[in-house]
Structure formats: structure tokens, C-alpha cells
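Novice: Chains as they are written, first to last, in the working numbering: chain R, 728 to 969; chain P, 728 to 969.
The beta carbon of each residue, even a glycine, is placed where N, CA and C say it ideally should be.
There are 2 protein chains.
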Amino acid sequence: MYKDSKLRTLTKAFTWRVTATLTTMTLVLIFTGKLDTAIEVGALELIAKMLFYYLHERGWAKIGFGRIEVPSFVLWITGIPVSGKTTLGNLIYEELAKEKLKVQRLDSHDIRPLFPETGFTREEVNNHIKRVGHLASMLEKNGVITIASFVSPYAESRAFVREICKNYVEIHLDSDPEFARQYDRKGFYQKAEAEHYINVPGLDILFEHCDKTELKFDMRKTSLDEVRKEVMKFLHKRFLNV
Amino acid sequence: MYKDSKLRTLTKAFTWRVTATLTTMTLVLIFTGKLDTAIEVGALELIAKMLFYYLHERGWAKIGFGRIEVPSFVLWITGIPVSGKTTLGNLIYEELAKEKLKVQRLDSHDIRPLFPETGFTREEVNNHIKRVGHLASMLEKNGVITIASFVSPYAESRAFVREICKNYVEIHLDSDPEFARQYDRKGFYQKAEAEHYINVPGLDILFEHCDKTELKFDMRKTSLDEVRKEVMKFLHKRFLNV
Numbered sequence: 728m729y730k731d732s733k734l735r736t737l738t739k740a741f742t743w744r745v746t747a748t749l750t751t752m753t754l755v756l757i758f759t760g761k762l763d764t765a766i767e768v769g770a771l772e773l774i775a776k777m778l779f780y781y782l783h784e785r786g787w788a789k790i791g792f793g794r795i796e797v798p799s800f801v802l803w804i805t806g807i808p809v810s811g812k813t814t815l816g817n818l819i820y821e822e823l824a825k826e827k828l829k830v831q832r833l834d835s836h837d838i839r840p841l842f843p844e845t846g847f848t849r850e851e852v853n854n855h856i857k858r859v860g861h862l863a864s865m866l867e868k869n870g871v872i873t874i875a876s877f878v879s880p881y882a883e884s885r886a887f888v889r890e891i892c893k894n895y896v897e898i899h900l901d902s903d904p905e906f907a908r909q910y911d912r913k914g915f916y917q918k919a920e921a922e923h924y925i926n927v928p929g930l931d932i933l934f935e936h937c938d939k940t941e942l943k944f945d946m947r948k949t950s951l952d953e954v955r956k957e958v959m960k961f962l963h964k965r966f967l968n969v
Numbered sequence: 728m729y730k731d732s733k734l735r736t737l738t739k740a741f742t743w744r745v746t747a748t749l750t751t752m753t754l755v756l757i758f759t760g761k762l763d764t765a766i767e768v769g770a771l772e773l774i775a776k777m778l779f780y781y782l783h784e785r786g787w788a789k790i791g792f793g794r795i796e797v798p799s800f801v802l803w804i805t806g807i808p809v810s811g812k813t814t815l816g817n818l819i820y821e822e823l824a825k826e827k828l829k830v831q832r833l834d835s836h837d838i839r840p841l842f843p844e845t846g847f848t849r850e851e852v853n854n855h856i857k858r859v860g861h862l863a864s865m866l867e868k869n870g871v872i873t874i875a876s877f878v879s880p881y882a883e884s885r886a887f888v889r890e891i892c893k894n895y896v897e898i899h900l901d902s903d904p905e906f907a908r909q910y911d912r913k914g915f916y917q918k919a920e921a922e923h924y925i926n927v928p929g930l931d932i933l934f935e936h937c938d939k940t941e942l943k944f945d946m947r948k949t950s951l952d953e954v955r956k957e958v959m960k961f962l963h964k965r966f967l968n969v
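(1) Assuming His798 of chain R contacts Asn894 of chain R under a Cβ cut-off of 8 Å, what Cβ separation, rounded to an integer in Å, is found between them?
(2) If the criterion is Cβ atoms closer than 9 Å, does the pair Thr848 of chain R and Asn926 of chain R meet it?
(3) Just to confirm the assignment, what range does the alpha helix (DSSP H) spanning Ile819 of chain P have?
(4) Grouping DSSP H, G and I as helix and E and B as strand, with all else coil, what is Leu828 of chain R?
(5) Just verifying my parser: in three-state terms, what is the DSSP assignment at Lys730 of chain P?
(6) Could you check whether the Cβ of Ile795 of chain R sits closer than 9 Å to any Cβ belonging to chain P?
(7) If you measure between the beta carbons of Ile856 of chain P and Leu828 of chain P, is that distance less than 9 Å?
(8) With distances taken from CA atoms, which of R:Thr751, R:Leu782, R:Val755, R:Phe800 is nearest Glu890 of chain R?
(9) Give every residue of the same chain whose Cβ lies closer than 6 Å to the Cβ of Glu851 of chain P, excluding the five residues on either side of it in the sequence, and list them in chain order.
(10) Return the chain-ordered list of same chain residues with a C-beta closer than 8 Å to the C-beta of Phe915 of chain R, the five sequence neighbours on each side being excluded.
(11) Apart from the five residues just before and just after Phe906 of chain R, which ones in its own chain have a Cβ nearer than 6 Å to its Cβ?
(12) Could you tell me the alpha carbon to alpha carbon distance between Leu734 of chain R and Ala919 of chain R, rounded to whole angstroms?
(13) State the DSSP-derived secondary structure class of Tyr924 of chain P, mapped to helix, strand or coil.
(14) Let me see if you follow: with CB-CB separation under 9 Å, is Asn862 of chain R close to chain P or not?
(15) If you drop the 5 nearest sequence neighbours on each side, which residues of the same chain put their C-beta closer than 8 Å to that of Leu951 of chain R?
(16) Per DSSP, what kind of secondary structure is Tyr781 of chain P in: helix, strand or coil?
(17) Give the straight-line distance between the Cα atoms of Val768 of chain R and Tyr780 of chain P, rounded to the nearest whole angstrom.
(18) Using a beta-carbon distance below 9 Å, is Met959 of chain P in contact with chain R?
(19) Can you grab the Cα-Cα spacing for the pair Leu762 of chain R / Leu756 of chain R, in whole Å?
(20) Could you pull the DSSP bridge partners for Asp901 of chain P from this structure?
(21) Starting from the C-beta of Leu866 of chain R, find all residues in its chain whose C-beta is less than 7 Å away, skip the five residues before and the five after it, and write them out in chain order.
(22) Alpha carbon to alpha carbon, how far is Glu922 of chain R from Ser876 of chain R? Give it in angstroms, no decimals.
(23) Using a 10 Å radius around the Cβ and a threshold of 16 neighbouring Cβ atoms, would you call Lys956 of chain R buried or exposed?
This is the structure we're talking about:
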């Protein structure tokens with residue numbers, strides 16, 4: 728929660744007083760034609776109203792009326808390995824942090840200290856995604872915007888996360904292993920094939936699409952910078968321009 | 728993050744204008760002795776300054792200077808089973824929520840969906856407490872006050888949580904199984920003995936005390952309501968009276 732410091736109130740009282748007293752003095756001068764009266768009224772007003780303004784502001788600081796909270800939301804970025812999820816998540820994080828919003832990134836490396844290593848069967852992956860969803864929803868409830876980026880290929884666990892979050896936005900970065908390999912600096916696909924990884928969407932299983940996905944981008948035709956712009960436009964329209 | 732709505736600014740402009748224009752009119756009346764001049768100046772001031780005030784407020788809403796955030800902290804309540812941890816945590820939660828602060832309770836039932844069942848060996852308990860500590864520190868970093876209540880009998884994992892949190896406050900509710908049994912409506916101790924639970928502080932292991940514990944209460948001599956008052960006094964002094 729944010730509060731106004733006494734110094735902020737004092738400074739506001741001063742900047743307002745300069746504007747306001749000059750206005751009063753001009754009005755008095757116009758109506759009376761007397762410069763000395765204008766100065767006398769201005770001088771007394773300066774002192775009296777600065778004090779009143781201070782008290783008025785401190786009183787309003789205790790009143791919640793019209794003080795609105797920017798809604799928090801969960802941005803869930805999904806797609807096959809090396810489709811650009813982490814990079815997009817980081818780009819959006821930076822934009823939102825610049826706007827002084829509370830944002831938490833949830834990528835595999837952020838949640839490693841929280842959840843012990845889990846396996847790669849369909850059930851294990853679903854359970855893992857659901858746990859991350861619980862975490863995202865806890866953060867969202869406390870006013871923290873959450874940007875999660877996980878392969879999360881199964882519609883079931885994504886639907887579960889959608890259900891438990893209030894403002895859930897799913898972004899699917901659509902790609903295919905052929906295309907993704909170009910950006911695969913860590914050699915994920917080569918390793919996956921050599922070591923016979925199981926349940927890799929695009930290789931031995933399908934990525935499960937969903938009709939409800941809010942934003943879908945074909946990464947073969949769209950740059951990450953275009954995606955970032957579209958996402959920010961969506962977030963501003965839906966949540967941020969309160 | 729909180730923002731002022733346009734309606735709040737307009738309402739403030741109005742309440743301020745009533746105070747301020749009455750002051751101006753009185754001053755003009757005193758200095759000129761003319762009621763009609765006082766009314767004319769007042770009328771024009773009313774219109775001009777209401778507009779200026781609105782613009783002045785909207786401008787200041789964009790300025791961060793002097794807008795201070797109430798610091799978040801992690802309140803870690805520790806003690807043997809049935810020492811009053813959960814009840815105290817809930818009491819403090821209610822007090823802080825009343826003050827419109829963001830607060831998250833972390834009790835075994837809050838974290839069950841996040842962390843799969845863990846065991847009761849020293850190592851398993853330490854790892855579990857460390858994971859909860861990571862969660863608390865993530866919430867704290869995002870401005871959320873966290874109230875955790877766990878037996879957490881081992882000094883090692885409590886020290887770890889202290890290390891990774893910024894504002895960590897440990898509260899130890901000191902008790903013994905003999906005394907705790909009086910409040911043991913769920914029959915924990917009876918069950919623990921009958922089913923030979925392992926690593927129960929007070930029964931087969933010792934609760935590890937720590938010199939750094941910020942607040943320590945002897946529950947045999949102190950009521951939970953007295954503890955609540957002391958804790959709130961501490962929190963106000965240390966964090967909340969910004």
C-alpha cells in the first residue's frame with residue numbers, strides 16, 4: 728500500500744499556493760484597481776490557505792473514496808520449447824516494471840527453489856502446472872501481476888489455472904520444431920532426440936490448442952517485438968488504463 | 728498499485744473550493760469593506776481555481792515524490808504443536824487486513840495445494856520450511872505482508888528463511904506438551920503417542936531455540952490476546968507508522 732508522506736503534502740501545498748494566490752491577487756486587482764489591497768489579501772491568503780490546504784490533504788489521505796487499485800492479472804505464455812516464451816515474458820516484465828507496477832516472473836528458473844524436481848509424464852506435468860497456477864493465483868489475489876512462461880502443452884492443466892485465477896490471459900506462441908531449431912542455441916531439440924526425451928510437444932506428442940486462448944501468434948510470421956506491442960496494447964486496454 | 732480516480736480529484740476540488748473561497752471572500756470583505764466585490768471575486772475564483780486545482784492534482788498524480796510504500800515483512804510464528812500459532816496468525820491477519828494492507832497467511836492448509844506431501848525426517852522438514860521461506864520472500868518482495876505459522880523446530884531452516892527475507896520477524900510461542908494438551912481439541916498429542924509420530928518437539932525431540940528470535944512469549948503465563956497486542960505494538964513501531 729502507498730501513503731503520501733507529510734513532505735509530499737507540504738510541497739503540494741506550496742505549488743498549489745503559488746498558482747492560487749497569483750489568481751486571487753489578479754482578481755482583486757481587477758475588481759478594486761488597488762495594487763496594495765491585492766498584495767495584502769494575497770499575503771494573508773498565502774498563510775491561511777497553506778495551513779488549510781495541508782489539513783485538507785491529510786484528511787483526504789484517510790479517505791479511500793475514488794482511490795482505485797490497478798487490477799492484477801495472470802499472463803500465461805504457452806508454446807513448444809524454444810518458441811520465445813521466456814524472452815517475451817521478460818520483455819513484458821520490463822515494460823510493466825517501468826510503469827511501477829508489482830510484477831512477478833514465473834519461469835522454470837524462478838520456481839526451482841519452490842517445487843522439487845518433477846517428472847515428465849502427463850500426470851506429473853499437469854500437477855506441476857496446477858501448483859504453479861496456485862502460486863500465480865495467490866500472487867494475483869495480493870495485487871501482484873504474474874507473468875508465467877511454461878510449455879504447458881496440456882489443455883487440462885491450463886484450463887485449471889484459468890479457473891482458479893480471476894484475470895487469466897493466455898498467450899500461445901505457435902511454432903514448430905523445424906522453425907524453432909533456428910533459435911535453439913542450447914541445442915534442446917538435438918538433445919531431446921539423442922536422449923529420447925518423452926512428452927515433447929512437436930516431437931512425440933501434440934501441443935493441445937484451446938479455443939479460449941486470448942492471444943495467439945504464429946511465430947513463423949511474427950517477430951517477438953510485434954508480439955510484445957500487441958500484448959501491451961491488449962493489457963492497456965483490458966487492465967491498465969483505469 | 729493505487730491510482731486516484733478522476734471522480735476523487737473532482738470531489739477534492741469541490742471540498743477544497745468551499746473552504747478556500749469562503750476564506751478569500753472574508754479577506755476581500757475585511758480589506759475593501761465591500762460585500763459585492765467580495766462576492767464577485769469569490770464567484771470568479773470559484774470557477775477559475777476549481778479548474779486549476781483539478782489540473783494541479785492530475786499533474787501530481789503522475790509524480791512519485793513523497794509517495795511512500797508501507798514496508799512489507801515476514802512474520803514467522805514458531806512453537807510446538809498446539810501452542811497457539813494458527814490462532815495468533817489469524818488474529819494478526821485480521822488486524823492488518825482491517826488497515827487495508829496486503830496480507831497473505833501461510834499455514835499448513837494454505838500451502839497444501841502448492842507443496843506435495845512431505846515427510847517428517849529432519850531433512851524433509853528443513854527442506855519444506857525452506858521452500859515456504861522462498862514463497863514468503865517472493866511475496867515480501869512484491870509488497871505483500873506474510874504471516875507464516877509452522878512448528879519449524881529446527882534453528883537451521885529458520886535461520887535460512889531469516890537470511891532470504893528482508894524484514895523477518897520471528898515470534899516464538901514457548902510452551903510444553905503438558906500445558907498444550909489442555910487446548911488440544913483435535914487430540915494431536917494423544918494420536919502422536921499412540922501412533923509413535925517421529926520428530927515431535929516436546930515429545931521425542933527438542934525445540935531448537937534461537938537468540939535472534941524477535942519476540943518470545945511464555946504461553947503458560949500469557950494470554951493470546953496479550954500476545955496479539957504486543958505483536959501489533961511491535962509491528963506499528965517497526966514497520967507500519969511510516
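Specialist: So, from the data block:
(1) As a working mapping, residue 798 of chain R is identified with position 71 in the first sequence. As a working mapping, residue 894 of chain R is identified with position 167 in the first sequence. Note that residue 798 of chain R is Pro in the sequence shown here, rather than His. About 6 Å; that satisfies the 8 Å criterion.
(2) Here the question's residue 848 of chain R lines up with position 121 in the first sequence. Here the question's residue 926 of chain R lines up with position 199 in the first sequence. For Thr848 of chain R and Asn926 of chain R, yes; Cβs fall inside 9 Å.
(3) Your numbering for residue 819 of chain P matches position 92 in the second sequence. Where Ile819 of chain P is concerned, the enclosing alpha helix (DSSP H) stretches over 812–825.
(4) The residue labelled residue 828 of chain R in the question sits at position 101 within the first sequence. Residue state, collapsed to three classes: coil.
(5) Within the second sequence, residue 730 of chain P is the residue found at index 3, counting from 1. When DSSP states are grouped into helix, strand and coil, Lys730 of chain P belongs to the strand group.
(6) In the first sequence, counting from the first residue as 1, residue 795 of chain R sits at position 68. So yes, Ile795 of chain R belongs to the interface.
(7) Within the second sequence, residue 856 of chain P is the residue found at index 129, counting from 1. Within the second sequence, residue 828 of chain P is the residue found at index 101, counting from 1. Not a contact, by the Cβ cut-off of 9 Å.
(8) Start at 1 with the first residue of the first sequence, and residue 890 of chain R comes out as number 163. Residue R:Phe800 is the option with its Cα nearest to Glu890 of chain R.
(9) Working through the second sequence from its first residue, we reach residue 851 of chain P at position 124. Excluding its 5 nearest sequence neighbours in each direction, Glu851 of chain P has C-beta neighbours in its own chain below 6 Å: Thr845, listed in chain order.
(10) Taking the first residue of the first sequence as 1, we reach residue 915 of chain R at position 188. Around Phe915 of chain R: Pro808, Val809.
(11) Start at 1 with the first residue of the first sequence, and residue 906 of chain R comes out as number 179. Counting only residues of its own chain and dropping the five nearest sequence neighbours on each side, Phe906 of chain R has a CB closer than 6 Å to the CB of Arg947.
(12) Here residue 734 of chain R corresponds to residue number 7 of the first sequence, with the count starting at 1. Here residue 919 of chain R corresponds to residue number 192 of the first sequence, with the count starting at 1. Leu734 of chain R and Ala919 of chain R have their C-alpha atoms roughly 59 Å apart.
(13) Here residue 924 of chain P refers to the residue found at position 197 when the second sequence is read from its first residue. Coil, per DSSP.
(14) To locate residue 862 of chain R, count along the first sequence from 1; it is residue 135. The question names Asn, yet the displayed sequence has Leu at residue 862 of chain R. Yes, Leu862 of chain R counts as interfacial toward chain P.
(15) Taking the first residue of the first sequence as position 1, residue 951 of chain R is located at position 224. Taken in chain order, the residues that qualify are Gly811, Thr814, Leu815, Leu818.
(16) Your numbering for residue 781 of chain P matches position 54 in the second sequence. In the structure shown, Tyr781 of chain P sits in a helix (DSSP, three-state: H, G or I).
(17) Translated into the one-based positions of the first sequence, residue 768 of chain R becomes position 41. Translated into the one-based positions of the second sequence, residue 780 of chain P becomes position 53. Approximately 20 Å, taken between the alpha carbons.
(18) Here residue 959 of chain P is taken as the residue at index 232 of the second sequence, counted from 1. Taking Cβ atoms only, chain R never reaches closer than 9 Å to Met959 of chain P, which makes this a no.
(19) Residue mapping note: residue 762 of chain R aligns to position 35 of the first sequence, counting from 1. Residue mapping note: residue 756 of chain R aligns to position 29 of the first sequence, counting from 1. So the alpha carbons of these two residues sit roughly 6 Å apart.
(20) For this step, residue 901 of chain P is matched to residue 174 along the second sequence. For Asp901 of chain P, which the question treats as bridged, DSSP gives the partners P:Asp945.
(21) The count along the first sequence starts at 1 and reaches residue 866 of chain R at position 139. Correct list, in chain order: Gln831, Thr873.
(22) On the first sequence, residue 876 of chain R is found 149 positions in, with the first residue counted as 1. On the first sequence, residue 922 of chain R is found 195 positions in, with the first residue counted as 1. Roughly 24 Å between the two C-alpha positions.
(23) Reading the first sequence from its first residue, position 229 is the one you call residue 956 of chain R. With fewer than 16 other Cβ atoms within 10 Å, it is exposed.
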